[in-house]
Amino acid sequence: MAPPPGHHAHDHAADDLLPRLLALDAILHRGLLDEAIEAVAAHTGPLTALLDVGAGVGTGTFALAARFADALVTAVDSSAEMLASVRAGAAARGLAGRVTTLRADASAPDGWFVEPVDLVWTANALHEVTDPTVTLRNMRRSLRPGGVLAVLEMNGPPMVLPAEFSALETALRSAAGADSAPPDWAPLIADAGFTLVEQRSLVGDQLLAADGPGGEYAALELRRLARHGGDALPPADRSRLRAIVTDLNERAAGRPGHWRTVHIRGSRTLWLARRP
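When the letters of the sequence shown are read in order and numbered with the numbering used here, they come out as residues 194 to 469.
Written out as structure tokens, the structure is:
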């Protein structure tokens with residue numbers, strides 16, 4: 194089965210903005226992450242071992258380790274730099290004995306070798322792999338019978354500016370190719386041999402001060418999109434965008450600026466499935 198519309202693979206290792214964006218996302222959207230993990234817990238018993246596939250800087254890894262305090266957690270990622278960040282974060286949190294890392298290509302036909310685990314978690318990563326069909330089969334092979342798969346995905350880049358700037362943001366998203374329909378993973382999950390047990394939408398809507406993490410997050414997200422599509426905008430829009438990002442950067446750095454608030458909003462979908 195072909196990947197669903199909205200799937201695309203990126204080399205995140207080459208994106209120097211990504212680590213900081215991920216760290217800020219962990220701060221700003223911790224409520225959505227906790228909601229997703231509680232949904233997972235409703236479908237699992239006590240856990241002894243789990244995988245976080247596409248772990249990035251370890252946001253999900255550490256949240257899962259905190260929620261499932263008796264489980265060993267393995268963070269899987271293709272980036273050595275990301276996994277180094279996970280190890281450093283685990284040591285800082287006193288989790289070095291419970292959190293391990295594994296560098297692997299999630300879409301490699303031979304997958305990765307681990308003893309079967311109780312839960313495979315992947316957040317904001319499945320749309321980035323080169324072959325989600327192979328990745329899902331690797332995940333199934335890593336689960337014990339009855340184990341749970343959790344796939345959490347953004348439904349698109351978040352909107353970060355107040356509503357009066359929605360036309361500019363919408364144009365930027367379109368120019369960056371970030372306005373396509375989000376992928377629906379349910380058919381591929383079923384095709385990989387899982388039984389879907391729940392699908393839910395998680396919605397975030399936060400009005401935040403521009404002189405804090407929200408302003409920095411907004412500036413970085415706009416810069417990220419501008420790298421992919423800013424040159425396609427009309428000159429007036431490019432100028433407005435540069436001025437907004439400059440001002441947000443000033444505010445995030447604690448210097449005077451015009452911006453007072455940003456409006457971070459978006460949604461994510463959680464798919465929960467079980468290996469028969």
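Yeah, the Cβ is synthetic: ideal placement off N, Cα and C, and Gly gets one too.
Remember, it's a predicted structure, so these values are computed and weren't measured experimentally.
Boundaries (first-last residue) of the alpha helix (DSSP H) holding residue i
i, result
"S367", "S359 to A368"
"R420", "P406 to G422"
"T439", "P428 to A445"
"R213", "L211 to L221"
"L276", "A273 to A285"
"L288", "Careful: L288 lies outside any alpha helix (DSSP H) and carries neither H nor E."
Which listed residue (the options) has its alpha carbon closest to that of residue i
i, options, result
"L441", "A301, R393 and A411", "A411"
"A419", "P469, V438 and N348", "V438"
"R453", "R334, R444, D208 and P427", "R444"
"G459", "T388, T267, E391 and E346", "E346"
"L225", "Q399, L265, F358 and G249", "Q399"
"T462", "A383, I382, P376 and L434", "P376"
Where residue i falls: helix, strand or coil (DSSP)
i, result
"L400", "strand"
"V310", "strand"
"S460", "strand"
"A262", "coil"
"R467", "strand"
"L354", "coil"
"V233", "helix"
"R333", "helix"
Boundaries of the beta strand (DSSP E) in which residue i is found, first to last residue
i, result
"E346", "L336 to M347"
"V246", "A242 to V246"
"L319", "Segment: none, L319 is in no beta strand (DSSP E) and carries neither H nor E."
Any non-hydrogen atom of the ligand FMN within 7 Å of residue i CB
i, result
"S335", "As for the ligand FMN, it is missing from this structure, which has no ligand bound."
Neighbour flag for residue i against chain B, beta carbons, 8 Å
i, result
"N317", "In the structure shown, chain B cannot be found, because there is only a single protein chain."
The stretch 222 to 234 contacting the stretch 242 to 260, beta-carbon criterion three pairs below 8 Å: yes
Would you call the stretch 282 to 291 and the stretch 314 to 325 touching, i.e. three or more CB-CB distances under 8 Å? no
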